[in-house]
Ligand SMILES: Cc1cc2nc3c(=O)[nH]c(=O)nc-3n(C[C@H](O)[C@H](O)[C@H](O)COP(=O)(O)OP(=O)(O)OC[C@H]3O[C@@H](n4cnc5c(N)ncnc54)[C@H](O)[C@@H]3O)c2cc1C
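Numbering (UniProt numbering), first residue to last: 1 to 568.
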């Protein structure tokens, strides 16, 4: 059997002074150099912890923030907006560093996410090449938003229906909106059909925003649990990656190791002096740990032999640590949690990982020589008339493009050129990811020709798109509360391990708002200050999992602090 080498010696001495009285810094390993990992590392360094290492699988920092510069413009494959300003640390970081543009009062009052364009009109076009009249769109939009607001109320009122299968935003919205449309005596049959078809298009937009396969999978009873931070939504013209760079700026280069994927976190070791870590690939060997992570026979109370965490990397290096902060996405946890942790995570955490949802939302940027859209058009919304009575929004593989809900016009053209930004989510996004650029560009152009009724639209001169679903370092775009889950599952993930009633080794799971024990608002103690019991124990914290809208005041627990103030 292959054995991995243990590296580094900083854990040979106990934290805070051992038998030989030589105090040493706790060694803290952060897994992942996205916003959460960089924020954690920066916060630790700022508070006097010097033995910090960040291990990042890919060859860049930023994770799901990826700004691509093409000629003069920057395109965001991942995070784009700073959602809300009041008390949002990302907003303040951007504002303090002069990264934001002036916003108008009109923009400030936008309640829901507005896309790139500051002005203009959304064109709702059908697959028969017709534009849906503006008044019909407005009437439908009012009705949809009214029902959308209702979906937000169920969190306060309790579970809306008996059957869990009906506890879904999609099922509820489709049902209520449909009934109201059909019961409207003023509309002609033609108008009713158009409005019924629009429901599906709106639900596709909504699932792109939720990053779910379909709104039928999003929990109705938990939908109102998260609310947006008040204030305008901002984009960063020079790229969201500037936030990443600002976070990374004070972190010494030597702290971050790129191209260093972690294979397994051995979080309940007996802290042998020179451990021989069993490679994580061998799943069958019983390590003697139970599901709660207790190995009482291995645990020692002596200063130098407390339980430790050993981080085994793909290159076989094993890094001993006192604390580990894991910031991989929920998608990565879903796919790899069984091999990523040894012993395995406790059942309730595994259940939370399984219950919470994450799917793929991808962007497709198409650059044209000339605009074929009118100057007032800020987006093209695809309404399939044949979907008026559809119950599902799942398509056979060959029809993946029917899941593209819209193309937004990037604004202003002086900055971006003539670029449309398309949105696709769910399983169909994964099919799109498997196609080559040529096929995607061709398919999108065909769609645009069909819906605009203009067969002369030329192919774009350039295409750029994301592939968050198939990327092994992400396995999805962002998380949502799936039917059967709730914010309580996020809290279960966030709870440090073992639980307070247990002892020693601490495993905690947090969302992208920050890491358990390290909320920026409640800094960890300095190495010389009296220690919180949490910091006396090895800490394994998982971050980067959850939807991050600010919890409502009545949510069962206060937020842990916000690093990324967005519904992701
Ligand atoms: C398409 C899209 C649009 C979005 N839009 C917005 C938006 O407009 N506004 C907003 O606020 N947010 C948005 N988000 C969400 C936002 O990008 C994320 O919430 C945030 O970037 C998550 O940061 P994180 O550090 O928690 O996780 P990540 O960015 O996923 O970082 C985790 C890191 O861990 C690394 N990793 C994974 N496995 C391993 C391993 N085994 N070993 C070592 N390293 C590993 C990964 O490579 C990654 O760098 C969007 C995301 C996507 C995908």
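Even glycine gets a Cβ: it sits at the ideal position worked out from N, Cα and C.
Note that this is a predicted model, so its numbers are computed, not measured.
Quick check on residue i: does DSSP put it in helix, strand or coil?
i           : result
residue 256 : strand
residue 44  : helix
residue 227 : strand
residue 233 : strand
residue 221 : helix
residue 62  : coil
residue 478 : strand
residue 267 : strand
residue 33  : coil
residue 530 : Residue confidence for residue 530 is low, a pLDDT of 28 falling below 50, so the modelled location carries little weight; the figure read from the coordinates is stated next. Residue 530 falls in the coil class under three-state DSSP.
residue 300 : With a pLDDT of 36 at residue 300, under the threshold of 50, the modelled position of that residue is not reliable, and the figure given next carries that caveat. If DSSP states are grouped into helix, strand and coil, residue 300 belongs with coil.
residue 343 : coil
residue 207 : helix
residue 421 : strand
residue 241 : helix
residue 379 : strand
residue 320 : strand
residue 313 : strand
residue 67  : strand
residue 363 : strand
residue 168 : strand
residue 468 : coil
residue 76  : strand
residue 400 : helix
Quick check on this structure: which residue in the options has the alpha carbon closest to the alpha carbon of residue i?
i           : options            : result
residue 79  : 240, 59, 197       : 240
residue 579 : 243, 310, 332      : This structure cannot speak to residue 579, because the chain is shown only from 1 to 568.
residue 204 : 191, 263, 390, 488 : 390
residue 155 : 419, 143, 183, 219 : 219
residue 493 : 333, 223, 136      : 333
residue 39  : 249, 425, 449, 358 : 249
residue 48  : 135, 259, 229, 27  : 27
residue 439 : 364, 139, 185      : 364
residue 45  : 58, 29, 60, 423    : 29
residue 229 : 314, 410, 81       : 81
residue 424 : 126, 63, 196, 207  : 207
residue 138 : 430, 129, 375, 124 : 124
residue 329 : 84, 479, 387       : 479
residue 232 : 91, 421, 74        : 91
residue 380 : 191, 130, 225      : 130
residue 402 : 422, 195, 371, 235 : 422
residue 238 : 452, 94, 148       : 94
residue 431 : 477, 126, 467, 178 : 467
Taking Cβ to Cβ, would you say residue i is nearer than 7 Å to residue j?
i           : j           : result
residue 417 : residue 367 : yes
residue 50  : residue 25  : yes
residue 485 : residue 356 : yes
residue 427 : residue 470 : no
residue 383 : residue 201 : yes
residue 76  : residue 67  : yes
residue 463 : residue 437 : yes
residue 339 : residue 37  : no
residue 214 : residue 393 : yes
residue 216 : residue 171 : yes
residue 191 : residue 265 : no
residue 236 : residue 99  : yes
residue 443 : residue 459 : no
residue 387 : residue 197 : yes
residue 331 : residue 475 : yes
residue 176 : residue 199 : no
residue 225 : residue 487 : yes
Drop a sphere of 10 angstroms on the beta-carbon of residue i, count the other beta-carbons inside from all chains shown, and report buried for 16 or more, exposed for fewer.
i           : result
residue 399 : exposed
residue 121 : exposed
residue 345 : buried
residue 343 : buried
residue 88  : buried
residue 263 : buried
residue 374 : exposed
residue 321 : buried
residue 128 : exposed
residue 146 : exposed
residue 60  : exposed
residue 183 : exposed
residue 378 : buried
residue 337 : buried
residue 142 : exposed
Is residue i near ligand 2, with its Cβ less than 6 Å from a heavy atom?
i          : result
residue 35 : Looking at this structure, you won't find ligand 2 anywhere; what it does contain is ligand 1.
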